[in-house]
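Okay, so here's the structure we're looking at.
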Amino acid sequence: MKAEDLCGNIEPSETNSNITLQEENMKKILVLLIALSLVTLASMSVIANDKGPAEITLEASMGTVNFNHAAHQERNSDCTTCHHQGEFTNCHTCHDGTAAPKAKKVFHASCKGCHVELKSGPTKCKECHIK
Ligand code: HEC
Ligand code: HEC
Ligand code: HEC
Ligand code: HEC
C-alpha cells in the first residue's frame, strides 16, 4: 500500500473540530501505517544497494563459469536460497574445504541441483565450464 493511498482516505471534513474518538484512533492507525511503510521502503533500498555484482566470473580448472547473478536474483527473489548463512559474504571465505565443504562440492550441489530440480538451466559440464 502506498503512503498516498492512506493520506487520500482522510477527507477534509474529518479534520474539523467535530472529530470523534473513533476517528482520532483511525488517524493514529493511519500515521502508524505510514510510518511502517516508510520503514519498509528504507530497508528495501538497503537490500537493493547491496545486491553484489551483476555478473560473477568463477574460475575453475575445468573452465570458467559465467554466472549471471542479476538474472538469478530476478528469477529467485529469496537471496537465502543461495546465501544460506543469511549474510552476503563470498561463498569461498567459508567453503575452502576446512571450515565448510569445498566450493566445488557445494556449487555443484546448489547450482546443478536447482537446474535439475527445475528442469531449467545448464546441467552438463561444458554448458557451465567455458574454456
Ligand atoms: C542462485 C544463487 C544466488 C542467488 C539467488 C543470490 N546470490 Fe548473491 N552470490 C551468489 C554467488 C555464487 C556469489 C559469488 C560468491 C563467491 O564468489 O564465492 C554471490 C555474491 C554476492 C555478493 C558479493 C559477495 C562478496 O563479498 O563478494 C553479494 C553482495 C550478493 N551476492 C548479494 C545477493 C543478494 C542481496 C541476493 C538476493 C537479492 C543474492 N545475492 C542472490 C549466488 C546467489
Ligand atoms: C559463513 C560461512 C559460509 C558461507 C559464507 C557460505 N556457506 Fe555454505 N555452508 C557453510 C557450512 C559450515 C556448511 C556445512 C554445514 C551446513 O550444512 O550448514 C555449508 C553447507 C553448504 C551447502 C550444503 C553442502 C552439503 O554437502 O550438504 C551448500 C550447497 C552451500 N553451503 C552453498 C553455499 C553457497 C552457494 C554460498 C554462497 C552463496 C555459501 N554456501 C556460503 C558455511 C558457509
Ligand atoms: C534456485 C535455482 C537456481 C540456482 C541455485 C542456480 N540457478 Fe542457474 N539457472 C536457474 C534457472 C531457472 C535457469 C534457466 C533460466 C532460463 O533459461 O530461462 C538458470 C540458468 C543458468 C545459466 C544459463 C545462463 C542464464 O543465466 O540464463 C547458467 C550459466 C547458470 N544458471 C549458472 C548457475 C550457477 C553457476 C549457479 C550457482 C552458483 C546457479 N546457476 C544456481 C536456476 C538456478
Ligand atoms: C551448473 C553449472 C555447473 C555444471 C553443470 C558443472 N559445474 Fe563444475 N563447477 C561449477 C562451479 C560454479 C564451480 C566452482 C568454481 C569456484 O570454485 O569458484 C565448479 C567447479 C568445478 C571444479 C573444480 C575446479 C577447480 O579449479 O577447483 C571441477 C574439476 C569441475 N567443476 C568439474 C565439473 C565437471 C566434470 C562437470 C560435469 C560432470 C561439471 N563441473 C559441471 C559449475 C558447474
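Going from the sequence shown to our numbering is simple: count from 1 and add 231.
For glycine and all other residues, C-beta sits at the position ideal for the given N, C-alpha and C.
Within 7 Å: the Cβ of Cys193 and any heavy atom of ligand 4?
In the structure displayed, the chain extends from 232 to 362; residue 193 sits before or after that span and is not available.
Whole angstroms are fine: how far does the CA of Ser308 sit from the CA of Glu254?
In this model, Glu254 and Ser308 are separated by some 39 Å (Cα to Cα).
Give the DSSP-derived three-state secondary structure of Thr295 in the structure shown.
Thr295 falls in the strand class under three-state DSSP.
Per DSSP, the bridge partner or partners of Glu286:
The partner list for Glu286 (beta bridge, DSSP) reads Asn299.
Looking at chain B, is there any beta carbon in it that lies within less than 8 Å of the beta carbon of Val347?
Among the chains in the structure shown there is no chain B, since it carries only a single protein chain.
When you compare the CB positions of His300 and Gly317, do they come within less than 8 Å of one another, or not?
Not a contact, by the Cβ cut-off of 8 Å.
Please go through the same chain and pick out, in chain order, the residues whose beta-carbon is closer than 8 Å to the beta-carbon of Pro332, but skip the five residues on each side of it.
Excluding sequence neighbours, Pro332 sits near His326.
Which same chain residues, not among the five before or five after Cys356, have their C-beta less than 6 Å away from its C-beta?
The answer is none, since no qualifying residue turns up.
Report the option in Thr312, Arg306 and Ser351 whose CA atom is closest to the CA atom of Val337.
In terms of Cα proximity to Val337, the closest of Thr312, Arg306 and Ser351 is Thr312.
Using the C-alpha atoms, what's the distance from Leu261 back to Cys342?
So the alpha carbons of these two residues sit roughly 45 Å apart.
Out of curiosity, what's the CA-to-CA distance linking Lys303 and Ala340?
Note on identity: in this sequence residue 303 is His, with Lys being the wrong assignment. For His303 and Ala340, the distance between alpha carbons rounds to 16 Å.
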